[in-house]
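Single-structure report; data block below.
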Amino acid sequence: MTEWIVDLLPLALLGGVLGLDVVCFPQAMVSRPLVAATAAGAFVGQPMQGLMIGVTLELIALETLPFGASRYLEWGSAAVVGGALFSDSAPNTAGGMTTAVLGATATAWAGSYSMVRLRELNARWARARLPRLERGSGRTVIGLQVAGLTADLVRGGLLTFAALAVLRPLARLAISDWGTSPAASRAFVTGVAATVAAAAAWKIFHSTAGARWFFLGGIAAGLSLLALR
Amino acid sequence: MTATATAPRAAAPGDVRPLPATVWLAMYLRLLAIQGSWNYETLLGNGIGFCTEPALRLLPGGRGGEAYRAALARQSRYFNAHPYLAAVAVGALARVELEGQPAARIERFRTALCGPLGSVGDRLVWAGWLPLCSLVALAAFGLGAGPGLVVGSFLVLYNAGHLALRAWGLTVGWRRGTSVAAALANPVLRQGPQHIARAAALIGGFALPLALYRAIGVGRVMAGGVLLAVVVGAILVARLHGRVDGWRLALGALGAFVIYSVVRHG
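Each protein sequence line maps, in turn, to chains A and B. First residue of the first sequence: 1, per our numbering; consecutive thereafter. First residue of the second sequence: 1001, per our numbering; consecutive thereafter.
Take a look at the structure:
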C-alpha cells in the first residue's frame, strides 16, 4: 500500500505543476499534452512512449483551445495520467494506447470541472475579503493570488493522484482481457485523434481568406512526402 | 534602490519618469501569475491589482499610503482581458495612476480597455500562435524528430512569442498610458492573426498525415484505410460544428471500442 502511494506521489506532483500551467502560472504551455505526456513518460523512463501518446492527445487538444472564460479541458494533469498509463505497458501492447488516451481524455474532462470548482472557490475567497480589497489592502490582494495558485497546484496534484489510482488498475484489467489486434487498436485510436484534429484545424482556419487552400496544399505536400518514402 | 525612494510624488499628467528596471521586472514576473486567483465574479481583477502593485508603491506616501490604497482598490476590481495582452493594461493603468489622473477618468479608461484586449489576444494567441506552434511540433514529429527536438521546438517557439508579447505589452502600456489604444493598431496585432492562420493551415495540412503515419505505429498496415476514414470523419465532424464537440465524440468512440475489445475477448 505504502509502495503504491509512493509510486504515485511524484507523478501527482508533476500533474500538479503542469496543471498549474494551464491557467494560473506561467501559461508557458508546458501543460500541452505534447509536453506534459512526454515529461510523464520521461519521468518513468519512457520518453518515446510519452511522446507517442503526447502527440495523439495533442491532436485531440487542438480542438480545445483555452478561449476566455469558456470551459475547456484541463490537459496538464490529464496528459501526465495518459503518459504514465501508456508507459506502463510495452509500446505495441494491444489496447495500451487506447486505454491511455481514453483515460487521459476522461481525466481532462474531470479536470475542467475541477477548474470550475476552483474558480468558484476563488470567488468565495474574494467575496469574503471584499471590505479589505475595497480598502486597498496589498496584503489581501497578494494573499488571494497566492491562495489561488496554491489551490490550483493542489487541485492538479489530487486530480492526477485520483485518476491514476482509479485508472491504472482498470487499464491493466482491460489490457489483460483485450480482444482486438494491436494493429487495429492503434489504427483506431490514432485515426479518431487525427479526425478530431483535422476537423479542429478546419474550424480554426476556414474563415481566414485563402487559408483553406493553404490547408489543402499542405495536405497534398504531406501526402506526397509519405508516398515518396 | 527602493521603489518608494524613486518617485515619492505623483507626476503631472503626461510627465512620468521611466519605470525603474526593478519595478518593471517585478511587474513582468507577476504577469506570469496574473490569472492566479481568476474567478467568475471579478475575473482578472485581482490579478491586475497584483501586477500593478509594485508600481503603485511609487505613489506619494509609498506602500500603504492613502494614494496607494485608493489606487490598489480601484485596480483590483472586475477586469477582463486576454492574460498575455493584459500586460498592456497593467502598464497603462500603472502609468495613469502614477500620473495622478482623476479616479473617475481612470475607471472609465479601465473599462474601455477590457474588450479589445480580450478579442485581439484570443485571435492572435489562442486561435493563431498556439495552434501554429503545436502544428510545427507535430510536423517535426512526423518528420522523425525525437522527444527532445519535438518538445524543445514547441516550447522555444511558443514562448519566444509569449514572453515577447508580455514584455511588449507592459512596455507599450507604460509608454503610451491613456493613448495605448493606438498601440492596438500595431500591424502584428491587426494583420498578424490572418498571416499566422494561413501559415498554420499550410503546416497543419502538411503535419497531420505525417504525424498520423508515425503515431499509428503497428497499425501502419491499415494506414490507407485510416487516412480515408479520417478525411470522411473530419468532414462530418466539421459539418457538426457548434452542435457537438469532437473530443466528446472521441471519448464516446474510444469508450465503445474499449468495451467492444474487452467483450470480444471474453
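Here a beta-carbon is modelled for each residue, glycine too, at the ideal position from N, C-alpha and C.
Below-9 Å beta-carbon distance, B:F1257 vs any chain A residue: Closer than 9 Å to the CB of B:F1257 there is at least one CB belonging to chain A.
Going by beta carbon distance, what residues of the same chain come within less than 7 Å of A:W178, once the five residues before and after it are set aside? Closer than 7 Å at the Cβ level, and outside the excluded window around A:W178, lie A94 and G95.
Is the shortest distance between the beta-carbon of B:R1108 and the beta-carbons of chain A less than 9 Å? Contacts with chain A at 9 Å (Cβ-Cβ) do not include B:R1108.
Between A:L159 and chain B, is any beta-carbon pair separated by less than 9 Å? Not a single C-beta of chain B is nearer than 9 Å to the C-beta of A:L159.
Only counting the same chain, and skipping five residues up and downstream in sequence, which positions put a Cβ closer than 7 Å to that of B:I1259? Within the same chain, no Cβ atom closer than 7 Å to the Cβ of B:I1259 is found once the five residues on either side in sequence are excluded.
Quick one: list the residues of chain A neighbouring B:M1222, beta-carbon separation under 8 Å, in chain order. Near B:M1222 (Cβ distances below 8 Å), the residues of chain A are A183, A184 and A187.
Rounded to whole angstroms, what is the Cα-Cα separation between B:A1005 and B:W1168? With a pLDDT of 36 at B:A1005, under the threshold of 50, the predicted position of this residue should be treated as unreliable, though the coordinate-derived value follows. Straight across, the Cα-Cα distance linking B:A1005 with B:W1168 is about 26 Å.
Tell me, please, whether the CB atom of A:G16 is closer than 9 Å to any CB atom in chain B? Taking a beta-carbon distance threshold of 9 Å, A:G16 does not count as an interface residue toward chain B.
Quick one: give me the first and last residue of the alpha helix (DSSP H) that B:H1162 is part of. Per DSSP, B:H1162 belongs to the alpha helix (DSSP H) from P1147 to R1176.
Residues bridged to B:N1046 (per DSSP): According to DSSP, B:N1046 bridges with nothing at all.
Hey, how far is the Cα of A:V238 from the Cα of B:A1211? For chain A, the structure presents residues 1 to 229; residue 238 of chain A sits outside this window and is missing.
At which residues does the alpha helix (DSSP H) containing A:G54 begin and terminate? Here the alpha helix (DSSP H) through A:G54 covers P47 to A61.
9 Å Cβ cutoff, A:F43 in contact with chain B: Not one chain B Cβ lies under 9 Å of A:F43.
Consult DSSP for B:F1079 and reduce its assignment to one of helix, strand or coil. Strand, per DSSP.
If we cut at 9 Å on Cβ distances, does A:E74 have a partner in chain E? The displayed structure is made up of protein chains A and B, and chain E is not among them.
Interface flag, B:A1026 vs chain A, CB-CB below 9 Å: Not one chain A Cβ lies under 9 Å of B:A1026.
Could you have a look at B:N1186 and say whether DSSP puts it in helix, strand or coil? The answer is coil: DSSP assigns B:N1186 none of H, G, I, E or B.
Identify, in the order they occur along the chain, each residue of the same chain with its Cβ nearer than 7 Å to the Cβ of B:G1118, setting aside the five sequence neighbours on each side. Same-chain partners within the cutoff: N1080, A1081 and H1082.
Measure from the alpha carbon of A:A79 to the alpha carbon of each residue in A:T38, A:V146 and A:V154, then state which is nearest. Residue A:T38 is the option with its Cα nearest to A:A79.
The segment 67-75 of chain A touching the segment 1223-1241 of chain B, judged by at least three CB pairs closer than 8 Å: Judged by Cβ distances under 8 Å, the segment 67-75 of chain A makes no contact with the segment 1223-1241 of chain B, as fewer than three pairs qualify.
Give the straight-line distance between the Cα atoms of A:T64 and A:W75, rounded to the nearest whole angstrom. When rounded, the distance between both Cα atoms is 9 Å.
If the cut is a Cβ gap below 7 Å, which residues of chain B does A:E58 touch? By Cβ distance, chain B contributes S1134 and L1138.
Looking at the C-beta of B:T1022, does it have a partner C-beta in chain A at a distance below 9 Å? Against chain A, the CB of B:T1022 has no partner CB under 9 Å away; the residue lies outside that interface.
Going by other Cβ atoms of all chains shown within 10 Å of its Cβ, with 16 needed for buried, is B:P1054 buried or exposed? Result: buried.
Using a Cβ cut-off of 7 Å, pull out every chain A residue sitting near B:T1042, in sequence order please. What B:T1042 touches in chain A: A126.
Whole runs of the alpha helix (DSSP H) within the segment 1018-1047 of chain B, excluding any shorter than 4 residues: Correct list: 1021-1031.
Does the segment 95-109 of chain A come within contact of the segment 1153-1171 of chain B, defined as at least 3 CB pairs closer than 8 Å? The answer is no - the segment 1153-1171 of chain B does not touch the segment 95-109 of chain A, with fewer than three Cβ pairs under 8 Å.
Chain A beta carbons: is any one of them nearer than 9 Å to that of B:G1205? Taking Cβ atoms only, chain A reaches closer than 9 Å to B:G1205, which makes this a yes.
Compare the Cα-Cα distances from A:G191 to each of B:N1186, B:A1207 and B:M1222 and report the closest residue. Of all alpha-carbon atoms in B:N1186, B:A1207 and B:M1222, the one lying nearest the alpha-carbon of A:G191 is that of B:M1222.
For chain B, check one thing: does any of its Cβ atoms lie closer than 9 Å to the Cβ of A:D152? At a cut-off of 9 Å between beta-carbon atoms, A:D152 makes contact with chain B.
Residues near B:G1192 by beta carbon distance below 8 Å, same chain, minus five either side: So the qualifying residues of the chain are L1124 and G1128.
Return the residues of the segment 1069-1103 of chain B that lie within a Cβ-Cβ distance of less than 9 Å from chain A, sorted by chain order. Contact residues of the segment 1069-1103 of chain B toward chain A are R1069, A1070, A1071, L1072, A1073, R1074, Q1075, S1076, R1077, N1080, H1082, P1083 and Y1084 (C-beta to C-beta distance below 9 Å).
Tell me the start and end of each unbroken alpha helix (DSSP H) in the segment 1071-1130 of chain B that is at least 4 residues and wholly inside, in chain order. Taking 4 residues as the shortest admissible run, the segment 1071-1130 of chain B contains the following complete alpha helix (DSSP H) segments, listed from N- to C-terminal end: 1086-1099 and 1103-1121.
In the DSSP assignment, find the unbroken alpha helix (DSSP H) run with A:N122 in it and report its ends. Taken as a continuous stretch (DSSP letters only), the alpha helix (DSSP H) holding A:N122 covers G96 to A128.
Residues of its chain near B:I1216, where Cβ-Cβ distance is below 7 Å and the 5 sequence neighbours each way are ignored: Only A1223 and V1226 meet the Cβ criterion.
Is any beta-carbon of chain B found at less than 9 Å from that of A:G82? False, the Cβ-Cβ gap to chain B never drops below 9 Å.
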